[in-house]
Structure formats: structure tokens, C-alpha cells
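Numbering (our numbering), first residue to last: 60 to 365. Encoded as C-alpha cells, the structure appears first; notes follow it.
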Ligand code: MN
Ligand code: MN
């Protein structure tokens, strides 16, 4: 281990797990991304949602449920806080009365974060937010590969006439050249639709590769973004979301997907569409918090203990 002292999550023997300020994983709160390798960022935005609202409360509830996560990953041996400087850099101050202005605010906030060479791990928020995040990442890295877990393809041309909403971000991202279609995989797609074309449009670029080994081969060595819509999981595990669809992934499959991203050049990630009000158990946010920890554990530069 190097001389550098890395931020550590506040331990359960220093402050009871139900006490203290509810930052992500009880990490220190930082006022900017300066000096950080990875920053947890909240985007409390749900005005792009087509059905149930409420994912504006996702970041707070994910932080609250993250209080039980300990710093070492027993399953994979990842020890992210041995080699990465990580903090919670708070929420983006969106304008909840204006979607377009909010999208611009989010992009500017991520420009600032990326200017510090900090990789963002985002607590959403509805899936609209991935578009401005990808716009900012594209300015820094060029066209990105993407692993997209979701019940929905989110490649609608428009929703109710609007070109930016939570069901359109990946169509816009491909049109704008933010994503390389050949380096895009979508996992968990299901549910009813309007037209067969709803799923044929992405299929025209590349069919889903079911195994993560194939995914890693397909995405190759370039920069990759990981976006995880919690509704990719079955509502039995994650009912707290706005657009639930039956017959989804299990938590174990979600873990396999995230852990299978180890080795990719991840430059950012998000966990979106957590709407806590529809799950009084808090379990959706608990799953989300743990998936964000697992994402951190597969970021480049994480050391694994033997
Ligand atoms: Mn989505
Ligand atoms: Mn979805």
C-alpha cells in the first residue's frame, strides 16, 4: 500500500450505523471533485419520468440504505478504499421546474467533475440524466462503449413529442455520436411495447451478447460507461421504481453483470430510477446502494487482496 491516506467509510464501531450524516457509504462529504479518483454524485431529478414519479428521492434513500455497506468486498476481494480516493460530492442542484435547463445544469456539473479527473458514480434520478452525463464524458473521452441494464431499451425517438425524456437517452446518445453502437450492449430488456421496431432498432446495430465474457470482448479496450436502471431487476427484488416490469433479472444476475464488467475501462457509471415511495421496505434502495458499491469495486485501479 502507498503512503497516501485514502478516505475510508465511517466504521460501525466509530459511530453506530444508524447515526451520523447520511453520505454514500458514510464516506466524507467533499465540496468538489478535486483530488478524488471517484466521486459519488446524486442527481435528484424525476421530471423526465413517463409513469410513476419519485426518483427525485432516490439519492437520499440510497445514501440512507448504504449505511450498512462495509469497505471490503468479501465475494470478489476488491478493496476499493485501499487504492482509490473516494468521497460523496453531494447532489447536482437541478431546476425541477425545467427539464431542458436541468439537462444543461447536469452536463455543466459533470464537466466540472471530469475537469478534476474524477470518475463519477451517480445516484439517480430517472434515466434522462444519463444523456447529459454521456455528453460530458464524450467531451473528455470521445465515443464511449456502454453496458446498459434495463427492462426498457430507452431508444424511443420521442415521448409525448419530447426528444429528451427517460425513454429516449440512448437514441439521442447514438445520434449525437456519444456512444459507439458496436460497443453497446443492453441486458434485461423485456415488457410490452408499441411496435416490434421498439427492440429492432437497437438489434439492427448489434444483438445482445448474453455472457459478460462476450460483452467484454465486444466492448474491447476503449472507455466504457455502465448505466444500471433498477427496473432491469424483477419487481420482486426492486419494486421501488416508476416503470416496473415482471419477469426481470435477479439480484444475483445483477451482481454477475456488474462484477463481469471488471477489466473494462470504466470511466463512469450510474444507478437510476429508484423511487423509494413504492417500496416501504427500503429494499430497492438497499439493492441500489450495494450495486453502486459493486460498480466502484470494478473500476480501474481497484486493488484486490489475495
Ligand atoms: Mn431506463
Ligand atoms: Mn427502465
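Note that the Cβ used here is the ideal one computed from N, Cα and C, for glycine as well.
Using DSSP bridges, identify the partner residues of residue i.
{"i": "residue 207", "result": "245 and 286"}
{"i": "residue 363", "result": "137"}
{"i": "residue 101", "result": "150 and 182"}
{"i": "residue 88", "result": "147"}
{"i": "residue 218", "result": "221"}
{"i": "residue 233", "result": "Looking at the DSSP assignment, residue 233 forms no beta bridge with any residue, so it has no partner."}
{"i": "residue 128", "result": "Paired residues: none, contrary to the question."}
{"i": "residue 238", "result": "203"}
If you measure between the beta carbons of residue i and residue j, is that distance less than 7 Å?
{"i": "residue 203", "j": "residue 282", "result": "yes"}
{"i": "residue 138", "j": "residue 318", "result": "no"}
{"i": "residue 101", "j": "residue 158", "result": "no"}
{"i": "residue 21", "j": "residue 247", "result": "In the structure as shown, the chain starts at 60 and stops at 365, and residue 21 therefore has no counterpart that could be examined."}
{"i": "residue 142", "j": "residue 362", "result": "yes"}
{"i": "residue 335", "j": "residue 299", "result": "yes"}
{"i": "residue 207", "j": "residue 108", "result": "no"}
{"i": "residue 89", "j": "residue 148", "result": "yes"}
{"i": "residue 146", "j": "residue 87", "result": "yes"}
{"i": "residue 304", "j": "residue 175", "result": "no"}
{"i": "residue 217", "j": "residue 186", "result": "no"}
{"i": "residue 333", "j": "residue 189", "result": "no"}
{"i": "residue 23", "j": "residue 144", "result": "With the chain running from 60 to 365 in the structure shown, residue 23 is simply not present."}
Compute the Euclidean distance between the alpha carbons of residue i and residue j, then round it to the nearest angstrom.
{"i": "residue 191", "j": "residue 346", "result": "25 Å"}
{"i": "residue 64", "j": "residue 111", "result": "43 Å"}
{"i": "residue 210", "j": "residue 290", "result": "6 Å"}
{"i": "residue 215", "j": "residue 330", "result": "20 Å"}
{"i": "residue 266", "j": "residue 91", "result": "Its pLDDT being 39, under 50, residue 266 is placed unreliably by the model, and the measurement read from it follows with that caveat. Going by the C-alpha atoms only, they are around 40 Å apart."}
{"i": "residue 196", "j": "residue 151", "result": "16 Å"}
{"i": "residue 35", "j": "residue 74", "result": "Any property of residue 35 remains undetermined from this structure, which presents the chain solely from 60 to 365."}
{"i": "residue 360", "j": "residue 220", "result": "43 Å"}
{"i": "residue 97", "j": "residue 177", "result": "5 Å"}
{"i": "residue 277", "j": "residue 311", "result": "23 Å"}
{"i": "residue 133", "j": "residue 85", "result": "19 Å"}
{"i": "residue 245", "j": "residue 316", "result": "11 Å"}
{"i": "residue 356", "j": "residue 322", "result": "11 Å"}
{"i": "residue 268", "j": "residue 258", "result": "Model confidence at residue 268 stands at a pLDDT of 40, short of 50, so the residue's coordinates are unreliable and nothing is read from them."}
{"i": "residue 252", "j": "residue 213", "result": "12 Å"}
{"i": "residue 324", "j": "residue 237", "result": "16 Å"}
{"i": "residue 232", "j": "residue 353", "result": "25 Å"}
{"i": "residue 67", "j": "residue 155", "result": "33 Å"}
{"i": "residue 165", "j": "residue 349", "result": "24 Å"}
{"i": "residue 125", "j": "residue 118", "result": "10 Å"}
{"i": "residue 272", "j": "residue 292", "result": "21 Å"}
{"i": "residue 241", "j": "residue 274", "result": "11 Å"}
{"i": "residue 184", "j": "residue 344", "result": "12 Å"}
{"i": "residue 106", "j": "residue 163", "result": "14 Å"}
{"i": "residue 179", "j": "residue 340", "result": "28 Å"}
{"i": "residue 99", "j": "residue 254", "result": "37 Å"}
{"i": "residue 104", "j": "residue 194", "result": "17 Å"}
Just to check, is the beta-carbon of residue i closer than 6 Å to a non-hydrogen atom of ligand 4?
{"i": "residue 232", "result": "Here the bound small molecules are ligand 1 and ligand 2; ligand 4 is not part of this structure."}
- Task: Jot down the residue ranges of each uninterrupted beta strand (DSSP E) in the stretch 141-210, minimum 3 residues, whole runs only, in chain order.
- Result: Fully enclosed beta strand (DSSP E) runs of 3 or longer: 145-150, 178-183 and 203-208.
- Message: Extract the residue ranges of the alpha helix (DSSP H) inside the stretch 270-357, only unbroken runs of 4 or more that lie entirely within it.
- Response: Every unbroken stretch of the alpha helix (DSSP H) spanning 4 or more residues and falling wholly within the stretch 270-357 is given here in chain order: 271-278, 310-318 and 342-356.
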